[in-house]
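Below is one structure, written out as structure tokens; the observations come after it.
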Amino acid sequence: MALPHLTDEQTRTWTRSQKDRWWLETVFRGNMPQLTFRAAVTGFLLGGVLSATNLYIGAKTGWSLGVGVTSVILSFVIFRAMARLQLSKDMSILENNAVQSIATAAGYMTGPLISALMAYMFVTNTVMAWHQMLIWNVVASILGVLVAFPMKRRFINDEQQPFPEGRACAVVLDSLYPHAPAGGTKNLDAAGLPIESDAPTDGAGVDTGLFKAKALAWAAGIGAALQLVVATGYMAVLQISLLGTSKATDTLKKFPERLDEWLYTPAKDAAGKVISWVPNISGIQLDKLGMTVMFDLSMVGAGGLMGMRVANSLVIGMVTNYLVLAPLMIMNGEILPKNFKKIAQADGTYEMADAIFGRAHLTNTWCLWWGVSMMLTASMLGLFAKPKVLLSAFSGMFKRREVNEDCVRHIELPLWVSFVGVPIFSALIIWLNHEWFGVSIWIGALSIPMIVLLTLIAANATALTSTTPTASLSKITQFTFGAIQPTNPGTNLMTAGVTTEVASNASNLLMDIKPGYMLGAKPRQQAWGHCIGIVAGALASTPLFYVLFLWNRTADVSIEQHVSETWAVPGALQWAAISKVIEGMGSSPAGASLVQTVDGIQKLWGVLPVSAAWAMLAGATIAIILESARLISRGKFPISAVAIGLGVVLPPESTIMMWLGAAFFATMEHRYIKRVGEFGWRLWVDSKEAVCAGLIAGWAIMGIGDGLIAAFLPYPSETPAAQVEVVPTSPTAATTVPTAANH
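Per our numbering, residue 1 is the first one in the sequence shown, and the count goes up by one each step.
Right, dumping it as structure tokens:
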């Protein structure tokens, strides 16, 4: 049935008391089961799984994927199947909404793990204790919930802000439960329960929901099955444990994860040396530049969700960085090989055939900077180019308050909880930052008001667009408090980390409450559900973080090198890079030269290559032009400056697979968009998000399992040649490369 809503005129002219009375009489579903034990347990478990997948995808791409609709479909299917087996009753529409609140809160708990906290480990080369990470994450998240609730009555009850993603979730729930009892106090019985209708439990909406669920399940199954034959860990279990393969003498057989190996394997001899032509630029093998093609269906699904505009922009960034700038900087001596000190000759030159580069090394030493510059500049311009968003965030603070009776006080979270809780949890996070990260108490206290104001801006942006600009907002606190105390990386990273976590949880809580408001749920119970999700996400993602990223690290390898060799972690690399520049600026002795020479390369403060600084300036200029074009065209401009910058720091194999996914789903959508009702339309148009989510979930969950096996079960390398580290690029690649000092 159609969801009741106010007209634009009613939204503008009615008082908040009138709107609350309308909601109570028209939408509120009374004591319908909502945050029940089974809803809490289901949300807790689904949230744990989905937070794990978000950690996996976030480490690969730097993004967090919305899990609300996915959790709705999964919980609906689980309990519909259990009901048909007479093991349980169907969930009510509000129980399912509670599940998505819990699961969504859990899914977003991975943000600091792959940004501020990981960056802190990179910069200090110190592994945080697991309990510190878990406690810090939970405290900062609950602070976000407490900050959000005073905003709820304004953004949702009074202004009726759209929160597009939350509205979409409500529409999906309404379609899955087309015969749910109507809301409103006039439709409640003596016990406060909605009066049930005699309508059948099945219908077109249910059929659509079940079709999407089947599409998601099939996609997840395909993704999981293909990950099984690609993943080394599972093949190790099958071939070593089950088939009795000898670990000492035999090599694992599996489907190759790298799809471009056929270009390189025939060109190598038994020792792994290249004896014939392979793809190269100026004598540098493309795979040495990080240009490889990996089979990864989770990236195909992510590409389907992002669309062609973002995917094309990623490719522009990838090509410009890895095929143009990186080779140019190598040939000009601005990027030195990872093994430079071992292969450098007396005059400072080296043989290209002996050089080892790799994507992570190129990114960390030079390429990262211009990509970060583009992302940061475009994000900040996009934020401050919309003064209405900024002004409207504060306009409600100065409105005259109504003195009418509060008719929804009994179901809203009391404001005193926030008024008491915010100071308590602010004091807690200030103390934690001081004790564990060395942030001065007065700096921590000074950061809280700024964090609350930035959270207000973030929540307003989320209300209008479903996009939370935590990345750009966090940089305000990182630069501000980094300038106050530049020599301590904990100051700039952890104040910015609190900004990210508080703004993210506050905005996502409001996003979660929007479907509950549209469906007649009790907001107080949704707040409790969000807190359950916070605990679920922290418990699921924290131990997994250590297993996936920090297990089997040797003492002679830095944390940053250990992690970035396998994972893209663009968020953490970006945060760490900015922190290093801030620290370098603060640690330079008085009177020291601004430009210092390190290994023959001129660097600002001994950290940032001068050539990279010029590239940052160029990147910022290009970002301003592209972002201005996007704003002027109201989003119709076909290139995204943020995505170009992201294409610089993402592994090329991820970018390539995302582009292929975006192209495939765009082709299928174009083919079936006008054939409404056909199977192809239902699968590739109406269920596209479900198919993409299934590919991501199936591949990611199996990938997590493979990571666990890799952490606890030793197994041999895929090929003996994989252990050969130094290989020449081609018979004609004996190129002597000068360093910057030779120019």
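Heads up, the beta-carbon is just placed ideally off N, CA and C, and yes, glycines get one too.
Treat the numbers as computed from the prediction; the structure is a model and nothing was measured.
- Two segments are said to touch when three or more pairs of C-beta atoms, one from each, lie closer than 8 Å; by this definition the region 131 to 150 does not touch the region 591 to 603.
- At a Cβ-Cβ threshold of 7 Å, Thr495 and Ser447 count as neighbours.
- Under DSSP, the beta-bridge partners assigned to Leu608 are Leu604.
- The alpha helix (DSSP H) runs lying completely inside the region 12 to 89 and spanning 4 residues or more are 16 to 26, 37 to 61, 68 to 84, given in chain order.
- Counting C-beta atoms within 10 angstroms of its own C-beta, His670 has fewer than 16 neighbours from the protein chains shown and is therefore classed as exposed.
- Cα atoms of Glu25 and Tyr517: separation of roughly 13 Å, rounded to the nearest angstrom.
- In terms of Cβ geometry, Met109 and Ser541 form a close pair [threshold 7 Å].
- Selection Ser687, Gly661, Leu660 evaluated against Tyr672 yields Ser687 as nearest (Cα-Cα).
- Looking only at Trp370, Val300, Ser628, the smallest Cα-Cα distance to Gly619 is reached by Trp370.
- Ile632 and Ile624 have their alpha carbons spaced roughly 12 Å apart.
- Beyond the five residues adjoining it in sequence on each side, Ala40 comes within less than 8 Å, by CB distance, of Ala98, Ile102, Gly529, Ile532 in the same chain, given in chain order.
- Under DSSP, Ile281 takes part in a beta bridge, and its partners are Ile284.
- The secondary-structure analysis by DSSP pairs Pro162 with nothing; it has no beta-bridge partner.
- DSSP, read as helix, strand or coil, puts Thr487 in coil.
- Short of 8 Å from the beta carbon of Leu228, and not among the five residues preceding or following it, lie these beta carbons of its own chain, in chain order: Tyr234, Met702.
- If you look at Thr104, you'll find it isn't in any beta strand (DSSP E); it sits in the alpha helix (DSSP H) that goes 93 to 107.
- An exposed status is given to Asn552, since fewer than 16 other beta-carbon atoms sit within 10 Å of its beta-carbon.
- Here the alpha carbons of Ser564 and Ala353 stand approximately 24 Å from one another.
- Beta-bridge analysis with DSSP links Arg258 to Met294.
- For Gln596, the enclosing beta strand (DSSP E) begins and ends at 595 to 598.
- For Pro181, the three-state secondary structure derived from DSSP is coil.
- Here the C-alpha atom of Gly303 lies approximately 31 Å from the C-alpha atom of Arg80.
- Between Ala663 and Val310, the C-beta spacing is not below 7 Å.
- In the three-state DSSP reduction, Leu650 falls in the coil class, being neither helix nor strand.
- When the alpha-carbon of Phe481 is set against those of Ile582, Glu501, Pro523, Pro515, the nearest one is in Ile582.
- Taken through DSSP and simplified to helix, strand or coil, Leu193 comes out as coil.
- Between the alpha carbons of Ala215 and Thr126 lies a distance of about 44 Å.
- Distances from the CA of Asn505 to each of Ala458, Ile476, Leu544 were compared; the closest alpha carbon is that of Ala458.
- With at least 16 other beta carbons inside 10 angstroms of its own, His361 counts as buried.
- Apart from sequence neighbours up to five positions away, the residues of its chain that approach Ser282 with a beta-carbon distance below 6 Å are Pro327, Met331, ordered along the chain.
- For the set Leu173, Thr363, Val535, Thr554, the Cα lying nearest the Cα of His131 is the one of Val535.
- Annotated three-state conformation of Glu351 is strand, per DSSP.
- A direct Cα-Cα distance of roughly 16 Å separates Gly68 from Ile78.
- Here Leu631 carries a helix assignment [DSSP, helix/strand/coil].
- Around the Cβ of Gln345, a 10 Å sphere holds fewer than 16 other Cβ atoms; the residue is exposed.
- Leu173 is not a Cβ neighbour of Gly30, given a cutoff of 7 Å.
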